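Numbering (this note's numbering), first residue to last: 3 to 81.
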C-alpha cells in the first residue's frame with residue numbers, strides 16, 4: 003500500500019515524498035481512511051509509529067480542500 007491510495011491532495015503527496023516516507027505504517031493504514039471521511043479517530047500505538055501523521059495528514063487534506071473561516075479542526079492529545 004502507498005500513501006497515494008488514500009486520495010490525498012497532490013501537495014500533501016509531494017510533501018510525503020519529499021520527507022522520504024515510502025509506505026504508511028499499520029496505525030496509519032487503520033486511522034487514515036476513517037479520518038478522510040471526517041470521522042473521529044482514536045489511536046493507541048508506540049512512540050514513533052506514525053500516529054501524528056495518521057491524524058494530521060487527513061486534517062490538512064480537509065483544510066486544503068474546503069477553505070473556510072474560523073476554527074475548523076480540533077486536535078486533542080494527552081501530554
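Even for Gly, the Cβ is constructed at its ideal location relative to N, Cα and C.
The model shown is predicted, which means the values in this text are computed figures rather than measured ones.
- With a threshold of 16 other beta carbon atoms within 10 Å, residue 55 meets it and is buried.
- For residue 59, same chain residues with a beta-carbon under 7 angstroms away, outside a window of 5 residues either side, are 10, 14, 34 in chain order.
- Three or more Cβ pairs closer than 8 angstroms define a contact, and the stretch 57 to 71 meets that threshold against the stretch 36 to 47.
- Residue state for residue 20 is assigned as helix, using DSSP reduced to three classes.
- In the DSSP assignment, residue 56 falls within the unbroken alpha helix (DSSP H) covering 53 to 67.
- For residue 29, the enclosing alpha helix (DSSP H) begins and ends at 28 to 38.
- Between residue 3 and residue 26, the CB-CB gap stays under 8 angstroms.
- If you draw a 10 Å sphere on the C-beta of residue 53, you find 16 or more other C-beta atoms in it, and that means buried.
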